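Comments concern the structure below.
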């Protein structure tokens, strides 16, 4: 059976390649940055397995590595990458020559992912399922990247070295922004373990006049947005606000419909996701990928939509949940 | 109740206000919050390391970089631009509105990883948006080009967020159902998912209106520039 670990190893190998390439160019801190990250992928399963078996030092070493990543990112030498070798003229000529064949491998990523997700459950060898069902989408995406790379090499007649080199160039350009989503999710787990959510719901619960429907609903909606902005993730905000305000005050005290409140409440949190740099993979990473001069450029483009949707969500909840 | 871990939240807010490096801010916030909760350094390091390793899936988009890098090296973005210029009647707002609709429908079917900033926005959607804009309003300056690219990324986000909640077997709906089940309220996933539809429709309508407004802004700027040039010629 193809497990998600294999895909992680592949990614770890690519990160290790980026580390070695930087080391050979004497860009030491960049090399160390990708090397530490590669460890999380090459040994991630081993670290978690060791922790479950009671051996804590591998996880602690990874923890030290995470702190090291933070320090290196702050020293700021990252993110300056070697320029693309191919000049604009070369790229134009190549685009002319290859034409629409260039789209094939690019579209292969979404299409093969799609096929993998849909066909996954039917791919069997005897009794065993070939793709680990729990992570089918992610495995399909990983496989799609491999197949698309092969297709791209075929279409462009470029060697694997060029593909890895160009990939590394983009990775260097992303720099610390590539890491941020993973770190923010880590922070979410830390906040959950240390009881940040409980403290916030205790404060919110103590502050609002519980007999006013409007006050409770406002506290719930704005709390979802605010907490999502802080955590960068509506999934982290949902249990906190639902346990602190939604369930005790709105559902039990005021008789709100839990299905509607849950569904639209979550979407209210998503409005917060559109507003915050903490949701790095949606808001900061694309700004870097698109080479925008302003790292908040994507947030600037989407905040009016987010606020309008917040108003819509609030009105929907107000008219629907208390029926 | 121990309120000290909230110092971690304060660290995040202060760090972002001072525009410190986000990676450093996040690491420090985690350490502050853990120490304030009274964890020993050993426990804190182990928790930091193990949660970091468990969240590996979020970096999977890096695997797309070799493909995208190679294709861009061979002119993918230039080709995307040329190709979209060939369509008659295509404008920036129509192009992005179609992408928004497609992204929402794909997310509703649970196909959230099919598109994304690395997979589709950078190599295809952003250059195509630029080309579509240039078709109707002429050459864009650097600032306008950045705004068009940012709008392409924003469109991808909105399509993803306000489509995925409609899909019953995906994170959000299962999280909601799981939360209520833990608290003794049994809900059908479909009952939760259906209530995400009104917002999904509203998201499409609102964002399309904004795209049209954005396009009109670009057209006005182009007319102004043309007028200024015309006067200069006299």
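Residue numbers (our numbering), protein chains in the order written: chain F, 783 to 1105; chain Z, 92 to 325. For every residue, glycine included, the Cβ atom is placed at its ideal position computed from N, Cα and C. Note that the coordinates shown come from a computational prediction; the quantities given were computed from them, not determined experimentally.
Neighbouring residues, chain Z, relative to residue i (Cβ below 8 Å)
i                       : result
residue 1087 of chain F : 245, 249, 294, 297, 298, 301
residue 818 of chain F  : Correct list: empty, because the minimum Cβ distance to chain Z is about 10 Å.
residue 807 of chain F  : Correct list: empty, because the minimum Cβ distance to chain Z is about 17 Å.
Status (buried if at least 16 other CB within 10 Å, exposed otherwise) for residue i
i                      : result
residue 991 of chain F : exposed
residue 286 of chain Z : buried
residue 234 of chain Z : exposed
residue 986 of chain F : buried
residue 915 of chain F : exposed
residue 812 of chain F : buried
residue 882 of chain F : exposed
residue 837 of chain F : exposed
residue 214 of chain Z : buried
residue 816 of chain F : buried
residue 860 of chain F : Confidence is the limiting factor: at residue 860 of chain F the pLDDT is only 48, short of 50, which leaves the residue's position unreliable, though a coordinate-based value still follows. Burial call: buried.
residue 842 of chain F : buried
Listed by chain order, chain F residues near residue i by CB distance under 7 Å
i                      : result
residue 145 of chain Z : 830
residue 242 of chain Z : 1083
residue 121 of chain Z : 968, 969, 972
residue 274 of chain Z : 1029
Short CB-CB distance (under 8 Å) between residue i and chain F
i                      : result
residue 176 of chain Z : no
residue 324 of chain Z : Because residue 324 of chain Z sits at a pLDDT of 49, beneath the cut-off of 50, its placement in the model cannot be relied upon, and the point is left open.
residue 142 of chain Z : yes
residue 105 of chain Z : no
residue 155 of chain Z : yes
residue 195 of chain Z : no
residue 183 of chain Z : no
residue 316 of chain Z : no
residue 94 of chain Z  : yes
Within-8 Å CB hit, residue i to chain Z
i                       : result
residue 1017 of chain F : yes
residue 980 of chain F  : yes
residue 801 of chain F  : no
residue 1045 of chain F : yes
residue 796 of chain F  : yes
residue 836 of chain F  : no
residue 804 of chain F  : no
residue 914 of chain F  : no
Residue i, enclosing alpha helix (DSSP H) - first and last residue
i                       : result
residue 975 of chain F  : 962-976
residue 213 of chain Z  : Looking at the DSSP string, residue 213 of chain Z is not in any alpha helix (DSSP H), and its letter there is neither H nor E.
residue 839 of chain F  : 839-857
residue 1030 of chain F : Counting along the chain, residue 1030 of chain F falls outside any alpha helix (DSSP H), and DSSP gives it neither H nor E.
residue 936 of chain F  : 918-938
residue 895 of chain F  : 885-901
residue 826 of chain F  : 826-834
residue 235 of chain Z  : 233-255
residue 943 of chain F  : 942-956
residue 1048 of chain F : 1040-1055
Cross-chain neighbours of residue i in chain Z, by beta carbon under 7 Å
i                       : result
residue 869 of chain F  : Simply none; closest approach about 11 Å.
residue 1095 of chain F : 290
residue 1003 of chain F : By Cβ distance, chain Z contributes nothing, its closest Cβ being about 13 Å from residue 1003 of chain F, past 7 Å.
residue 887 of chain F  : 158, 162
residue 1022 of chain F : Correct list: empty, because the minimum Cβ distance to chain Z is about 11 Å.
residue 1068 of chain F : 208, 212, 244
Beta-carbon proximity of residue i to residue j, cut-off 8 Å
i                       : j                       : result
residue 313 of chain Z  : residue 228 of chain Z  : yes
residue 975 of chain F  : residue 138 of chain Z  : yes
residue 298 of chain Z  : residue 249 of chain Z  : yes
residue 1022 of chain F : residue 1057 of chain F : no
residue 157 of chain Z  : residue 931 of chain F  : yes
residue 1040 of chain F : residue 271 of chain Z  : yes
residue 905 of chain F  : residue 911 of chain F  : yes
residue 895 of chain F  : residue 923 of chain F  : yes
residue 1019 of chain F : residue 1051 of chain F : yes
residue 290 of chain Z  : residue 1091 of chain F : yes
Within chain F, partners of residue i - CB distance below 8 Å
i                      : result
residue 186 of chain Z : Correct list: empty, because the minimum Cβ distance to chain F is about 15 Å.
Beta-carbon neighbours of residue i, restricted to chain F and to distances below 9 Å
i                      : result
residue 310 of chain Z : By Cβ distance, chain F contributes nothing, its closest Cβ being about 18 Å from residue 310 of chain Z, past 9 Å.
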